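**Student:** According to full-length UniProt numbering, the stretch in the sequence shown is residues 1 to 187, in order. Heads up, the beta-carbon is just placed ideally off N, CA and C, and yes, glycines get one too. It should be emphasised that the depicted structure is a prediction, and the values quoted were computed from it without experimental measurement. Take this structure first; my questions come after.
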Amino acid sequence: MALDDDIERVLWTEQDISKRVSELASQITDDFTPSSSPPVLVGVATGAFLFLADLVKHIKLPIFVDFIRVESYGSGTQSNGAPKISFDLKLDIQGKHVILVEDIVDTGRTLSCLIAHLESKGASSVSVCSFLDKPARRKVQFELVGKGKFYRGFECPDYFVVGYGFDLAELYRNLPYVGVLKPELYL
Ligand code: PRP
Ligand code: MN
Ligand code: MG
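Here you go:
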């Protein structure tokens, strides 16, 4: 397949991902069981779409699902550090426990912006469930709200990854695994 030919190395296979995602879902199920109101899982478009879909299938609790989108304005492909919400929630999250579902935390700017936004809408706690975490690239420390927790799938080495939601110029998101592209494709 042409898409596979562009991949130099696979970091997490479909099986690795599926195992880790069900572990995360079990942790969330355990942590939120006594909660009075179903938690709201908010997927961050576009990257988190597959992770959110897989995760919710394994959560054995009533939950709400919603989406939000953030865009970073500025030149070219680099964020200027001032993300703006461009597509907001449908649900009212006042007094609710919210779990932000992300594909990756990189500089932390997207998450910081989103957490502040959800807190301003009255969420009683904000947790984060990120499939990958790249702590080496962090510029901004995000703070959870209330008794929010941080769940992460894997720590990501400092490579540019594609697949399982991750894109290069909006392509490769549909690969069922996470890999690194051949360098000639992005250098
Ligand atoms: C990527 C990724 C996270 C964010 C992380 O999204 O999906 O949402 O950047 O970066 P940060 O921690 O440095 O803010 P992107 O803006 O590429 O949009 P996409 O999800 O539509 O690909
Ligand atoms: Mn994203
Ligand atoms: Mg992207």
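Could you check where the beta strand (DSSP E) with A45 kicks off and where it finishes?
**Tutor:** Taking the sequence shown and counting its residues from 1, the one referred to as residue 45 is at position 45. Unbroken beta strand (DSSP E) run through A45: V40 to A45.
**Student:** With burial defined as no fewer than 16 other Cβ atoms inside 10 Å of the residue's Cβ, what is the status of F32: buried or exposed?
**Tutor:** Your numbering for residue 32 matches position 32 in the sequence shown. Classification for F32: buried.
**Student:** State the CB to CB distance for the pair P34 and I99, rounded to an integer number of angstroms; the pair is presumed to be in contact (CB under 8 Å).
**Tutor:** Here residue 34 refers to the residue found at position 34 when the sequence shown is read from its first residue. Here residue 99 refers to the residue found at position 99 when the sequence shown is read from its first residue. Going by Cβ atoms, the distance from P34 to I99 rounds to 15 Å, so no, they are not a contact pair.
**Student:** For S37, does the count of other Cβ atoms within 10 angstroms reach 16, so buried, or fall short, so exposed?
**Tutor:** For the purposes of this step, residue 37 is identified with residue 37 of the sequence shown, where counting begins at 1. Classification of S37: exposed, given that the 10 Å Cβ count is below 16.
**Student:** Just mark D4 as buried or exposed, buried being the case when its beta carbon has 16 or more other beta carbons within 10 Å.
**Tutor:** Translated into the one-based positions of the sequence shown, residue 4 becomes position 4. Flag for D4 reads exposed.
**Student:** Assuming the contact rule is C-beta atoms closer than 8 Å, S124 and K149 should be a hit. Round their C-beta distance to whole Å, please.
**Tutor:** Working through the sequence shown from its first residue, we reach residue 124 at position 124. Working through the sequence shown from its first residue, we reach residue 149 at position 149. That pair is no contact at about 14 Å.
**Student:** Hey, how far is the Cα of G95 from the Cα of R173?
**Tutor:** Taking the sequence shown and counting its residues from 1, the one referred to as residue 95 is at position 95. Taking the sequence shown and counting its residues from 1, the one referred to as residue 173 is at position 173. The straight-line gap from Cα to Cα measures roughly 34 Å.
**Student:** Using a Cβ-Cβ cutoff of less than 6 Å, which residues in the same chain neighbour F87 once the five nearest sequence positions on both sides are dropped?
**Tutor:** As a working note, residue 87 is residue 87 in the sequence shown. So the list reads R69, once near-sequence residues are dropped.
**Student:** With 16 other CB atoms within 10 Å as the buried threshold, where does L187 fall?
**Tutor:** As a working note, residue 187 is residue 187 in the sequence shown. Answer is exposed; the Cβ neighbour count stays below 16.
**Student:** Going by DSSP, which residues form a beta bridge with E71?
**Tutor:** Within the sequence shown, numbered from 1, the residue matching residue 71 stands at position 71. E71 is bridged to K84.
**Student:** Mind checking whether the beta-carbon of V44 lies closer than 7 Å to any heavy atom of the ligand PRP?
**Tutor:** Locating residue 44 in the sequence shown gives position 44, counting from the first residue. V44: yes, Cβ under 7 Å from the ligand PRP.
**Student:** Is P176 buried or exposed, if buried means 16 or more other CB atoms sit within 10 Å of its CB?
**Tutor:** Translated into positions along the sequence shown, residue 176 becomes position 176. Result: exposed.
**Student:** With distances taken between CB atoms, is the gap from D103 to F131 smaller than 8 Å?
**Tutor:** On the sequence shown, position 103 is the one that residue 103 refers to. On the sequence shown, position 131 is the one that residue 131 refers to. In this structure, F131 lies closer than 8 Å to D103 by Cβ.
**Student:** Return the chain-ordered list of same chain residues with a C-beta closer than 6 Å to the C-beta of I28, the five sequence neighbours on each side being excluded.
**Tutor:** Taking the sequence shown and counting its residues from 1, one reaches residue 28 at position 28. If we look at I28 and ignore the five residues flanking it on each side, its Cβ neighbours are I59.
**Student:** In whole angstroms, what separates the C-alpha of Y151 from that of K121?
**Tutor:** Along the sequence shown, read from residue 1 onward, the residue named residue 151 stands at position 151. Along the sequence shown, read from residue 1 onward, the residue named residue 121 stands at position 121. Distance between the alpha carbons of Y151 and K121 is about 22 Å.
**Student:** In this structure, does DSSP put F166 in helix, strand or coil?
**Tutor:** Locating residue 166 in the sequence shown gives position 166, counting from the first residue. In the structure shown, F166 sits in a strand (DSSP, three-state: E or B).
**Student:** At what residues does the alpha helix (DSSP H) containing D103 begin and finish?
**Tutor:** The count along the sequence shown starts at 1 and reaches residue 103 at position 103. First-last for D103: H97 to V105, but that is the beta strand (DSSP E), not the alpha helix (DSSP H).
**Student:** Got a sec, what are the start and stop residues for the alpha helix (DSSP H) C113 sits in?
**Tutor:** For this step, residue 113 is matched to residue 113 along the sequence shown. Run containing C113: R109 to S120, per the alpha helix (DSSP H) assignment.
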